[in-house]
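Beneath this line is the structure, given in structure tokens, with notes to follow.
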Ligand SMILES: Nc1ncnc2c1ncn2[C@@H]1O[C@H](COP(=O)(O)OP(=O)(O)OP(=O)(O)O)[C@@H](O)[C@H]1O
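Below you can see the structure in the form of structure tokens.
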């Protein structure tokens, strides 16, 4: 408790020596320094400063909430925070009982406690805060103010004296947040009303303190707050006085509540009427309950436990209260009886006088209202002594730990040593041994028969802190042990399972292994097939490519899928061929036929065949079909269907020189025309062609062998005769032999053209179509050709010089140098 030097003892229990003088001196020293609060064990003495002191703030509330009790200077906040912690953490209802004389500051203290409880229960997060209108504690405070406005009065001791006792209750949920509240008050008594009204209200006080009759109370007065009706179950004075202050809030429903009981204060004025009697009677009852709950019960317990304890004499409020309310002969019993019978005040006084109680002094009626009640003087003195007795009881080393929590088990838990030395059947010795091991002076403890008593509340809280730390350590140790145990059990179970499995496998290894391998193999095959098909689908050759394209993705698992792969490849190829064929028209088919024929005739026989494959057979290279001159002339005559037309070189048989002319192949004949005028120079009918000769080299020479006789030849000769004029010079292009005999026998045709294979193929097909039998295709390095009157041997020589072929005529030989 950090307080300034010389500020006295914050806890009167620690005063040495403890006497009435030292106790009052301590309060005085503190009061002079504006320290109005002093502990007496776990009770708090507050001295009214009668002026505003800076002792209250929200920050201070938070500080008291954050720190354990007895670590900060004595304060109402500490009392409230401790009570709140018990409600929140231990789920036990608590009540703060505030007693004292009128004007001592009870109502102010109750207000401070209420504010502290409100702040303690307020949720930290702003979003979680209850709307102001629904927050219960502010409503309680407001209701208290309202009650004060109607029920308070200015007296000689207090300008704002309460004329009613009230119990403020705040209910908390399991999180410690306030969820509701009640004010239960014991009636209002205002001294400005007529005499009868005063008596009636004073009677209400009496009824409340005796327990209101059932018919006069609402069904659930605790829920009807604020209520001016007497409660059906008010503080149970005549039921269980020992529990008056402490058990009453615990009856308030299922939720735990924090109650603040603010009752009337003792009053002794110049004129004391029935109302004052009843007010003071209520205060007596409260004091009796507090005394019973603390001094008497504790002293009884000390005696039971056999402590070295010097009994303390204290004023027994119970006797004074019993004089007032016990039985029909008590003061209030007689008053009730006289009131019920309508008896006069004199009759009432006579009845009291007849009782002859040593503590009861009955004065004549004329002095009754002017003098102080004897009873009252006794009660005041008793109240003043109460606190001092209380202090001595605590400081004599007999302060019991809260709820007996410092008994042996609690101390054992706080001890760092796991096992106490003494025998377990002697709990006191065991507790002694345990407590000696703690870092707390042994003077703090007194040992009873079954309990340990602790001198200072601070020690209790230190023990609690030690216990909490010890519990945490024990929990960790228990968790660790449990985990180790669990791991061990798991390991053991795993070992048992593994052993059983191995034994089982050893008994039946083959079928199981085979079955497992089969399952695995099937799963692997399925996965491999799936992978293969997915990859194949993505990597198939493009559709637009020719079926001749041999592209095909490699098979990833040839051992498993080679056959499937081959079958799919064939299937795919057939499918692509089908697509290719479906896209074919008649023209394309003819061209394909020509290409196929060329392949049959020249593949691997003629050196320049490879170059011709990629070259399409266009046929009409000079666009003869579109020529108007052609359509008017020869085209109209019968050679309408042009199969091939191109400018070629015609070889002069005498010298081997080459002359340009237009070679036209129709479906009926091979025509040689003048390239410019399209004048026919020679027409070779298809029927007269019987052989085609070419060299195996890459030259462009084609020899068309023409039959020397036959119907076709004669027809052709006659035709030629009609077309050839006598003006033709012997070596004019298109006429191999000049003169008159030229038309009779003109021999074979020798031409040079870059499209030699195309011309040969087409001529082959034309002859085949015209005659019904194909001409012979002769591919050789040496062959004979009919040069009109003479057979000439054409001999081909591959020199590899590059450029075109050179022709050299030497007698009956013509050498072609390639
Ligand atoms: N802690 C305090 N700080 C400042 N002033 C206080 C304090 N306590 C009490 N007072 C002053 O004392 C006056 C009387 O206090 P209060 O009404 O709380 O007394 P009481 O014990 O409730 O009296 P009664 O029993 O007659 O109602 C208050 O009006 C206030 O002016």
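In my numbering, the protein residues as written are 15 to 832. Glycine included, C-beta positions come from ideal geometry on N, C-alpha and C.
Just checking: is the beta-carbon of residue i within a distance shorter than 9 angstroms of some beta-carbon in chain B?
{"i": "residue 57", "result": "Among the protein chains of the structure shown there is no chain B, as only one such chain exists."}
I'd like the list of long-range same chain contacts for residue i, defined as Cβ closer than 6 angstroms, with 5 residues on each side in sequence excluded.
{"i": "residue 62", "result": "118 and 119"}
{"i": "residue 622", "result": "712"}
{"i": "residue 336", "result": "none"}
{"i": "residue 347", "result": "341"}
{"i": "residue 594", "result": "561"}
{"i": "residue 181", "result": "198, 273 and 275"}
{"i": "residue 635", "result": "660"}
Residues in the same chain with beta-carbon distance under 7 angstroms from residue i, minus the five sequence neighbours each way, listed in chain order, please.
{"i": "residue 462", "result": "319, 320 and 321"}
{"i": "residue 78", "result": "86, 89, 91, 92 and 95"}
{"i": "residue 685", "result": "648, 653, 678, 694 and 697"}
{"i": "residue 131", "result": "94, 98, 151, 184 and 272"}
{"i": "residue 44", "result": "21, 22 and 52"}
Flag residue i as yes when its Cβ comes closer than 8 angstroms to any non-hydrogen atom of ligand 1, and as no otherwise.
{"i": "residue 119", "result": "yes"}
{"i": "residue 281", "result": "yes"}
{"i": "residue 276", "result": "yes"}
{"i": "residue 122", "result": "yes"}
{"i": "residue 41", "result": "no"}
{"i": "residue 484", "result": "no"}
{"i": "residue 89", "result": "no"}
{"i": "residue 126", "result": "yes"}
{"i": "residue 56", "result": "no"}
{"i": "residue 92", "result": "no"}
{"i": "residue 52", "result": "no"}
{"i": "residue 833", "result": "The shown model of the chain, from 15 to 832, leaves out residue 833, and the question about it has no answer."}
{"i": "residue 114", "result": "yes"}
{"i": "residue 71", "result": "no"}
{"i": "residue 296", "result": "no"}
{"i": "residue 64", "result": "yes"}
{"i": "residue 169", "result": "yes"}
{"i": "residue 166", "result": "yes"}
{"i": "residue 286", "result": "no"}
{"i": "residue 175", "result": "yes"}
{"i": "residue 470", "result": "no"}
{"i": "residue 60", "result": "yes"}
The alpha helix (DSSP H) spanning residue i covers which residue range?
{"i": "residue 104", "result": "90–104"}
{"i": "residue 441", "result": "441–450"}
{"i": "residue 572", "result": "572–596"}
{"i": "residue 301", "result": "288–305"}
{"i": "residue 135", "result": "120–135"}
{"i": "residue 459", "result": "Element bounds for residue 459: not the alpha helix (DSSP H) but the beta strand (DSSP E), 459–461."}
For residue i, does the count of other Cβ atoms within 10 angstroms reach 16, so buried, or fall short, so exposed?
{"i": "residue 598", "result": "exposed"}
{"i": "residue 476", "result": "buried"}
{"i": "residue 106", "result": "exposed"}
{"i": "residue 695", "result": "buried"}
{"i": "residue 633", "result": "buried"}
{"i": "residue 266", "result": "Residue placement at residue 266 is poorly supported in this model, since its pLDDT is 43, which falls under 50; the coordinates still yield a value, given next. Residue 266 should be labelled buried."}
{"i": "residue 440", "result": "exposed"}
{"i": "residue 668", "result": "exposed"}
{"i": "residue 19", "result": "exposed"}
{"i": "residue 174", "result": "exposed"}
{"i": "residue 71", "result": "exposed"}
{"i": "residue 772", "result": "buried"}
{"i": "residue 612", "result": "buried"}
{"i": "residue 625", "result": "exposed"}
{"i": "residue 518", "result": "exposed"}
{"i": "residue 60", "result": "buried"}
Taking 8 angstroms as the limit between beta carbons, can you name the residues of its chain near residue i, skipping five residues before and five after?
{"i": "residue 591", "result": "561"}
{"i": "residue 464", "result": "319, 421, 441 and 442"}
{"i": "residue 549", "result": "567 and 570"}
What span of residues does the beta strand (DSSP E) with residue i cover, start to end?
{"i": "residue 471", "result": "Note, residue 471: premise wrong, no beta strand (DSSP E); alpha helix (DSSP H) at 471–521."}
{"i": "residue 465", "result": "Unbroken run through residue 465: none, as it is neither H nor E."}
{"i": "residue 663", "result": "656–665"}
{"i": "residue 719", "result": "715–720"}
{"i": "residue 193", "result": "192–199"}
{"i": "residue 270", "result": "270–276"}
{"i": "residue 697", "result": "694–699"}
key: Inside the region 761–807 only - beta strand (DSSP E) runs reaching at least 3 residues   = 763–766, 790–793 and 796–800
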